[in-house]
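Colleague: Dropping a structure here in structure tokens format, bear with me for questions.
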Amino acid sequence: SLPECWQARLVLYPEPMGPGKIKGLLCSLDDKQAFGAQAILDVYFERWEIENSYGEIKHQMLEDSILLRSQTVDGVNQELWGILLAYNLIRVEISRIAKEAKVSPLRISFVMALRDIQDEILWCAIASPGSIPKKLRAMRERVKRYILPEKRKRPKSRTVRI
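Here it is as structure tokens:
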């Protein structure tokens, strides 16, 4: 059964999108000496980026398929490592393209970059080896077209309604 009460800590921080507004993060890390407020906030926001990455893998790369084809534990491990490797290679390519374009990698559409990279890999498989560098440069130029506009500030902040 659940305990009668929980010890919790409220970490307050200014809302980035709403000047003058304060938001709070409730957590169970109540030792202020061991876990500073800024460290908790840093981990919290990093966690959101990780969740976004999981979403890109599950929904965009795997197209919501929950089926792994492998029949053995080693095969499943290999398949999962392959998925993570492919995701990171795409992210590395997006980072290189973003650096060339002088924008944040988060401003390049993952979905469009993924599709373009997948198509280019298929075309490179039948291309002569000498033409591959030229094709990759052309792909990088195309992906630059998928730079998203800067995020607008929300008119109202997100809230949890109970």
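Residues 691 to 852, numbered by the working numbering, are exactly what the sequence shown covers, in order. Where a beta carbon is used, it is the ideal one built from N, C-alpha and C, also for glycine.
By alpha-carbon positions, which one of Arg699, Tyr703, Ile822 ends up nearest to Gln723?
Modeller: Taking only the C-alpha atoms, the option nearest Gln723 is Arg699.
Colleague: Per DSSP, which one or two residues make a beta bridge with Cys717?
Modeller: According to DSSP, Cys717 bridges with Arg699.
Colleague: Following the continuous alpha helix (DSSP H) through Met802, name the residue where it begins and the one where it ends.
Modeller: Met802 -> alpha helix (DSSP H) spans 800-816.
Colleague: Do Glu810 and Lys834 have their C-beta atoms closer together than 8 angstroms?
Modeller: Cβ distance not < 8 angstroms, so Glu810 and Lys834 don't count as in contact.
Colleague: Going by CA-CA distance only, name the one from Met707, Ser760, Leu731, Asp720 that's closest to Gly714.
Modeller: Of Met707, Ser760, Leu731, Asp720, the residue nearest in Cα terms is Leu731.
Colleague: Note down, in chain order, each residue of its chain lying with its Cβ closer than 8 angstroms to the Cβ of Ala803, except the 5 sequence neighbours on either side.
Modeller: Within the same chain, Ala803 has close Cβ partners Ile780, Glu783, Ile784, Ile787, Val833, Tyr836.
Colleague: Suppose the cutoff is 8 angstroms on Cβ atoms and the five residues either side in sequence are ignored; what does the same chain contact list for Ala776 look like?
Modeller: For Ala776, where only same-chain residues beyond five positions count, the Cβ hits under 8 angstroms are Met751.
Colleague: The alpha helix (DSSP H) spanning Val679 covers which residue range?
Modeller: A question about residue 679 goes unanswered here, because the residues of the chain that appear run from 691 up to 852.
Colleague: Is DSSP giving Ile756 helix, strand or coil here?
Modeller: Coil at Ile756, not helix or strand.
Colleague: According to DSSP, is Pro823 part of a helix, a strand, or is it coil?
Modeller: DSSP places Pro823 in helix when its eight states are reduced to three.
Colleague: Return the CA-CA distance between Pro823 and Leu812, expressed in angstroms with no decimal places.
Modeller: Distance between the alpha carbons of Pro823 and Leu812 is about 14 angstroms.
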